[in-house]
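Peer 1:
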Amino acid sequence: MDASSLVQGVVFGAVGAGYLLYGRRQQEGLWLLAGVALMGFPYLVSGWAGWIVGALLTGLPFLLRRFF
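Residue numbers (the working numbering): -2 to 65.
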């Protein structure tokens, strides 16, 4: 485990926890699922691919809410 993976896990884990809490309070399933995905994916993906996946998962609820 290198420093990038550690920072990636902390950053996206914190954003995911925020999404999870928001989704639970507002009863929005999309935000809840995005939060769980953001907290779990750093265990599976690392390096530059992890930063890209994290950025996509972070913006996914905003994009889906805007178009659907």
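Ideal Cβ placement from N, Cα and C applies to all residues, glycine included.
I need the boundaries of the alpha helix (DSSP H) containing Pro58, first residue and last residue.
Peer 2: It spans Trp45 to Phe64 - the alpha helix (DSSP H) in which Pro58 sits, taken as one unbroken run.
Peer 1: If you run the structure through DSSP and keep just helix, strand and coil, what is Val42?
Peer 2: coil
Peer 1: Taking just the CA atoms, how far does Gly6 sit from Gly47?
Peer 2: 9 Å
Peer 1: Suppose you measure from the CA of Ser2 to the CA of Gly37; what does that come to, to the nearest Å?
Peer 2: Taking the straight line joining both Cα atoms gives about 13 Å.
Peer 1: Considering only their Cβ atoms, is the gap separating Val42 from Ala33 smaller than 8 Å?
Peer 2: Note on residue identity: the sequence assigns Val, not Ala, to residue 33. Cβ atoms of Val33 and Val42: not closer than 8 Å.
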